[in-house]
Amino acid sequence: NVEDSTQLTVECLRDIPPYILTQLMQELKGFGNEPRVLFPPAVEMKNITDSFSSVDPWAHSSSTPWLTGITADNGMDGSAIFMKGKENEELLSELNDQFEGIAPLVLGFRETAVNPQRIARSIRKFYFGPNEIWNETMNELTEMFTDANYLHCSEEAVRRHSGPTYKYYYNYLGSKTLFPSTSGVRHFDEMFHLFPFPTLNKENTTVEEELFGEIFLEFITNFATVGNPTPKGSKIKWEPVTSAANEYLYIDNETQMMQKKLKSKRDKFWQNLEFRNKPKSLFRRPPEKNYEL
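Residue numbers (UniProt numbering): 1 to 293.
Listed below in structure tokens is the structure:
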């Protein structure tokens, strides 16, 4: 009985100290720190009482006004684990040698693709060609994680959204970052212009960066207030998405300008990749150490 087993699970979890649960979670990791989301949402059976969701979210479209975007090196949160250090190089070597088994796990399609190994081979050919996956191909590795976890997801969500949509591509290299040991415009970097982070060093912040922060904050405030990041009278005009070209505001240290078709070749590759063609199932398998599929 599903309901009885769920109740027993809840009662058990309530009696276990949190630090033990945290330690046990690390044992569920299949490779390095992957998968980062151990227990993602699932489409549940319709006959389950009070199910969280029994319908695939892709089947619905929202008309709510939406502002969204990604950073240029978003995927560095996936590739950073392979940068520098002997242990990191060992992981990189393991990824190179067992890519067909590891890629479906770290890129999130092991449970959704009918043939994960074939998909992995296509991904390797697209990003790395005949090259080994090593320090010299770190940029390509970052692009792979960016596209799989952020770029294509963002572009596809914009395509499916029916309401007014304002999209940005953030390539502003500032002094504030959670990961100062790496270079690039990483995941979360734009948030430092929206919220105070008193524990971070402000000594390297330039006047230009402070001025840019005010502009970016005004974009977000305007959208939250009137539904348009650049209402009438603004010096910059941020246009909403109006076509299949997925128009977006390009933001870097020099300019903010409208562009179209963000990384279209890379996005098209993922559009044509059959990595979500497996029938929905209720449960996920736990990660496996040998990566055999």
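All residues carry an ideal CB built from backbone N, CA and C; glycine is no exception.
Handout entry: Opening and closing residue of the beta strand (DSSP E) in which residue 167 lies
Key = DSSP places residue 167 inside the beta strand (DSSP E), whose first and last residues are 165-171.
Problem - residue 243 versus residue 160 - alpha carbon distance - result: Their backbone Cα atoms lie some 12 Å apart in a straight line.
Handout entry: Contact set for residue 170: own chain, Cβ-Cβ below 8 Å, skip 5 residues either direction
Key = Cβ within range, chain order: 69, 70, 71, 72, 185, 189, 190 and 251.
Problem - Coil, strand or helix - residue 34 by DSSP - result: Residue 34: strand per DSSP, three-state reduction.
Practice task
Would you list, in sequence order, the uninterrupted alpha helix (DSSP H) runs of no fewer than 4 residues that lie entirely inside the stretch 176-254?
Solution key: Those alpha helix (DSSP H) runs which fall completely within the stretch 176-254 and span 4+ residues are 207-226.
Handout entry: Per-residue DSSP class, three states only, for residue 291
Key = Summary for residue 291: the model assigns pLDDT 49, below 50, so the residue's position carries little reliability; its value from the coordinates is reported in the next sentence. Correct three-state label for residue 291: coil.
Problem - Helix, strand or coil at residue 45 according to DSSP, with G and I counted as helix - result: Correct three-state label for residue 45: coil.
Exercise for the section: Quick one: grab the DSSP three-state call for residue 76. Expected result: DSSP places residue 76 in helix when its eight states are reduced to three.
Practice task
Take residue 193 as the anchor and find which of 183, 180, 175 and 203 has the nearest alpha-carbon.
Solution key: For the residues 183, 180, 175 and 203, the minimum Cα distance to residue 193 belongs to 175.
Problem - residue 69, DSSP secondary structure in three states - result: Assignment of residue 69 by DSSP, reduced to helix, strand and coil, places it in the strand class.
Problem - Inter-residue Cα distance where the pair is residue 187 and residue 144 - result: One C-alpha to the other measures close to 14 Å.
Practice task
Could you spell out where the alpha helix (DSSP H) holding residue 23 opens and where it closes?
Solution key: Note, residue 23: alpha helix (DSSP H), 18-27.
Exercise for the section: Output the distance between the C-alpha atoms of residue 6 and residue 48, rounded to the nearest integer angstrom. Expected result: Rounded to the nearest angstrom, the gap between the Cα atoms of residue 6 and residue 48 is 11 Å.
Exercise for the section: List in chain order: all unbroken alpha helix (DSSP H) runs of 4+ residues lying wholly within the stretch 100-154. Expected result: Contiguous alpha helix (DSSP H) elements confined to the stretch 100-154 occur at 116-128 and 138-146, taking only those with 4 or more residues.
Problem - Nearest residue (CA-CA) to residue 297, options 248, 217 and 230 - result: Missing from the structure shown is residue 297; the chain here goes from 1 to 293 and no further.
Problem - Paired residues, beta bridge with residue 258 - DSSP - result: 249, per the DSSP bridge assignment.
Problem - Cβ pair count under 8 Å reaching 3, the stretch 43-59 against the stretch 112-119 - result: The answer is no - the stretch 112-119 does not touch the stretch 43-59, with fewer than three Cβ pairs under 8 Å.
Exercise for the section: Decide if the stretch 96-116 is in contact with the stretch 259-279; the criterion is three or more beta carbon pairs, one per stretch, under 8 Å apart. Expected result: Yes, since at least three Cβ pairs between the stretch 96-116 and the stretch 259-279 fall closer than 8 Å, the two stretches touch.
Handout entry: Span of the alpha helix (DSSP H), counted from its first residue to its last, around residue 269
Key = Run containing residue 269: 264-271, per the alpha helix (DSSP H) assignment.
Problem - residue 240 CB to nearest heavy atom of the ligand SAM below 8 Å - result: With respect to the ligand SAM, the structure shown offers nothing to examine, as it has no ligands at all.
Practice task
Alpha carbon to alpha carbon, how far is residue 53 from residue 42? Give it in angstroms, no decimals.
Solution key: Each residue's CA atom was taken as its position, placing residue 42 and residue 53 some 7 Å apart.
Exercise for the section: Assign residue 86 to one of three DSSP states: helix, strand, or coil. Expected result: Collapsing the DSSP output to three states places residue 86 in a helix.
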